[in-house]
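Written out below as structure tokens is the structure these notes cover.
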Amino acid sequence: MADNFQNKTMASVMMDYEFKMKTQNERSKVEDLFDYEGCKVGRGTYGHVYKARRKDGSDTKDYALKQIEGTGLSMSACREIALLRELKHSNVINLIRVFLSHTDRKVWLLFDYAEHDLWHIIKFHRAAKANKKSVMVPKGMVKSLLYQILDGIHYLHSNWVLHRDLKPANILVMGEGPERGRVKIADMGFARLFNAPLKPLADLDPVVVTFWYRAPELLLGARHYTKAIDIWAIGCIFAELLTSEPIFHCRQEDIKTSNPYHHDQLDRIFNVMGFPQEKDWEDIRKMPEHATLVKDFKRSNYQNCSLSKYMDRHKIKPDSKAFSLLQRLLLMDPNRRITSEQAMQDPYFSEDPLPTQDVFAGCPIPYPKREFLTDDDQDDKSDSKARQNQQQQQPNTQQNQVQANNHDHAANNAKRMRMSGQNQGNNTGGGGQQEFHQQQQMMFGGQQQGSSNQQQGNFQQRF
Amino acid sequence: MAGNFWQSSHHQQWILDKQDLFRDRQHDLAKLTEEEYQKVFNFFASIIQVLGEQLKLRQQVIATATVYFKRFYARNSLKCIDPLLLAPTCVFLASKVEEFGVISNSRLITTCQTVIKNKFSYAYGQQEFPYRTNHILECEFYLLENLDCCLIVYQPYRPLLLFVQDIHTQVQDDQILTYAWRIVNDSLRTDVSLLYPPYQIAISALHIACVMLGKENLKPWFAELNVDMDKIQEIVRTIINLYEMWKSYDEKKEIQGLLGKIPKPCPAPQR
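One line per chain: the protein sequences are A and B, in this order. Residue numbers for the first sequence follow UniProt numbering, so the first one is 1 and each next one is one higher. Residue numbers for the second sequence follow UniProt numbering, so the first one is 1 and each next one is one higher.
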């Protein structure tokens, strides 16, 4: 790479030819080792994720190959590699290997493949609920999910790693195989700076960062990420698992602003929780946006709101153990919110049914497998496999519309992994899937609130 | 990440054996004596230090960059990559890993140019810094591969602060920390960061600091530590040897000759 001009003037060669050749020969290329073309299962600000198999057949496991967005080593890529290289816990995604592609300067990460995630699982339940159908899952599933999330976060927190971006889409669940029904926490917000926690993932990030799981102190301008912020998000996820509704659902607009203060999101939180009393959160006065809060909000508007009423409406009794744990996770004052360790000691987990390692507790998994995505921006390299996908997918226009307009629910948009019939053939629960396939169509069919709002429409139906 | 050192890649992969290290250096030691080899690394550690200071990096980042540099050459000859290119590459990578933020490419190159011109002209004369962004980026991939993606490096600074806190319950003396901190910085000019866990380096630095300051009364504190004192003595000796070497060494006079002697990368064969 040292060009001739410089060689002449400086007589310096940056790299030894023999060394370069030797490393090049020893380096394995991702495309030589894995089949993944046409098998994209996810795309988002982080890059692209493919479902992959080893070419040499030395095992027949599925792998997840993540091609990191952009080229070279961004700071988030560096942090991700650096931290995942060190982290080892059964509930945290395991980085198997890193591939550096020198020719196009792409970075690839190899993980175990997780067939499910909470975003899809919850979506499946919502769809069933909307159609007055029930989904057969073990009684203790939500408890098992929550316990494993807490276990993983406790491990991260005791290593002083903050997740910073917990939401259902980042909680993966392993499908059939040796780790069946095991939670894997993924996609830590590696890029967020300590002193600018709300800066969206650089400016390369055109998509909305969801605010639904964001703790009130962040919305009021807290300058630092803390463990308590992760705990709030876990509380939100817990509530969503219990009710199939995002507890702090809020209309989302493009959040390109660096201002953390978000009126509508706070309003939504107060509508569920009630307005915080001074005695419940003494330091609220010290929050950078406290003055704005006082100016914008009237306590009296939230007089009749409380978490217990909200959960009661969703058939979670205020005297249940689940509710009492939820309340401790969703305390407005970050200093009072419990730690992951305390949460794991909560009586909820010692009450029957006990949490299980396999969250499905050996029962059939009712959720469909991930479907392959098509490349909207495919170049001429696009192979027939990908075209096949396109044909098999549901009305493609819909997908494009959602993508074209990222004003709505873009967290999901970013993580959009379509489900339905694609893999029916090799799924034992094929019949159920067929049914879901239809359900999904109905779900979308029933929402005519504007073409770009299908997904959000589902939520609005209830609020 | 302030995780568990004992389960870290640093502990499991990068505490090297002295004999192995020596053996892997044979190629370079055919051209340089051991002392000359050390002087060369001393010089590049200075470049990294000055670069880091110019870029206003924290000492932690500078130390990590220095360890990357040493790890690379622990497994490779100096001829594989020109150390003048690898040094800024290590700084660039470390600043990202340590969440300092990305140093802009142009700022990195400009800083390299000024630093080489203004601070190291005694080594490079009128030569300009010869590399550009694309060289650094290419080199960075090679560095990451050779580090086997082990980017989290544990440094002696944190354990040092903890030990000093503990000492303060017995003896109040701010000088101890100041001295020991500088000694840890100096230890980056030796191989100890490749051979010993950071807490042992911290204790050794404290030990030297206490001897320098004549803190006899801290002997019982050291005696009570549950640590392999032979290792501490080895580290202490290595650092003292460095100080001995510095006494009779004039880098400004010798370094050009030494840089001339180091094995250089060979270009692709001409057709």
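Positions of the beta carbon are idealized from the N, C-alpha and C atoms, including for glycine. Given the structure is predicted, the values throughout are model-derived calculations rather than measurements.
M14(A) and F5(B) have their C-alpha atoms spaced approximately 34 Å apart. Chain A has no Cβ within less than 7 Å of the Cβ of P83(B). Residues of the region 135 to 155 of chain B with a C-beta less than 9 Å from any C-beta of chain A: H135, L137, E138, C139, E140, F141, Y142, L144, E145, N146, D148, C149, C150, L151, I152, listed in chain order. By the 16-neighbour rule on beta-carbons within 10 angstroms, L354(A) is exposed.
In the assembly as shown, L65(A) is a buried residue. Its beta-carbon has 16 or more other beta-carbons within 10 Å.
Secondary structure of V227(B) (DSSP, three-state): coil. The CB of P267(B) comes closer than 7 Å to the CB of V13, Y17 in chain A, given here in chain order.
Proximity to I149(A) across S58(A), F99(A), A343(A) peaks at A343(A), based on C-alpha coordinates. G257(B) carries a helical assignment under DSSP once its states are collapsed to helix, strand and coil. In terms of Cα proximity to H135(B), the closest of K96(B), N42(B), L84(B) is L84(B). With distances taken between CA atoms, Q13(B) lies nearest to R85(A) out of K123(A), N170(A), L331(A), R85(A). Only buried fits S8(B), as 16 or more other CB atoms lie within 10 angstroms of its CB. Under the three-state reduction of DSSP output, M311(A) falls in the helix class.
Under the Cβ distance rule, C90(B) does not count among the residues neighbouring chain A, no pair being separated by less than 7 Å. If you compare the alpha carbons of I96(A), S306(A), W281(A) with that of F270(A), the shortest gap goes to S306(A). Contact between K31(B) and P263(B) holds, since their C-beta atoms are separated by about 5 Å, short of 8 Å.
Under DSSP, W181(B) takes part in no beta bridge, so it has no partner. Put simply, of E34(B), R25(B), N42(B), F163(B) the residue whose alpha carbon is nearest the alpha carbon of D250(B) is N42(B). By the beta-carbon neighbour count (other beta carbons within 10 angstroms, threshold 16), D20(B) is exposed. Here K279(A) is exposed. Its C-beta has fewer than 16 other C-beta atoms within 10 Å.
Spanning the alpha carbons of L219(A) and I68(A) requires a straight line of approximately 29 Å. For I81(A), the chain B residues whose Cβ falls inside 7 Å of its Cβ are C149, L151, in order along the chain.
Apart from the 5 residues on each side of it in sequence, S187(B) sits with its Cβ closer than 6 Å to the Cβ of I201, I239 in its chain, given in chain order. Note that the C-beta distance between K70(B) and L194(B) is below 7 Å.
A direct Cα-Cα distance of roughly 7 Å separates P197(B) from H11(B).
Of all alpha-carbon atoms in F238(A), S144(A), R164(A), H102(A), the one lying nearest the alpha-carbon of S350(A) is that of S144(A). Leaving aside the five residues that flank R107(B) on each side, the residues in its chain whose CB is nearer than 8 Å to its CB run, in chain order, L55.
A distance below 7 Å between beta-carbons, with the five flanking residues on each side excluded, links C139(B) to the following residues of its chain, in chain order: I81, L85, L86, T89.
In the three-state DSSP reduction, M15(A) falls in the strand class (E or B). A distance below 7 Å between beta-carbons, with the five flanking residues on each side excluded, links A65(B) to the following residues of its chain, in chain order: I48, G52, C90, V91, A94.
Taking a contact to require three or more Cβ pairs closer than 8 Å, the region 106 to 118 of chain A and the region 47 to 65 of chain A qualify as touching.
About 5 Å separates the Cβ atoms of D358(A) and R180(A), confirming a contact at the 8 Å cut-off. The alpha carbon of A239(A) has as its nearest neighbour, out of K321(A), R223(A), F275(A), the alpha carbon of K321(A). Taking the C-beta atoms as reference points, V153(B) is found no nearer than 7 Å to V50(B).
According to DSSP, residue pairing for Y225(A) in a beta bridge does not occur. Under the Cβ criterion of 7 Å, E69(A) is not counted among the residues facing chain B.
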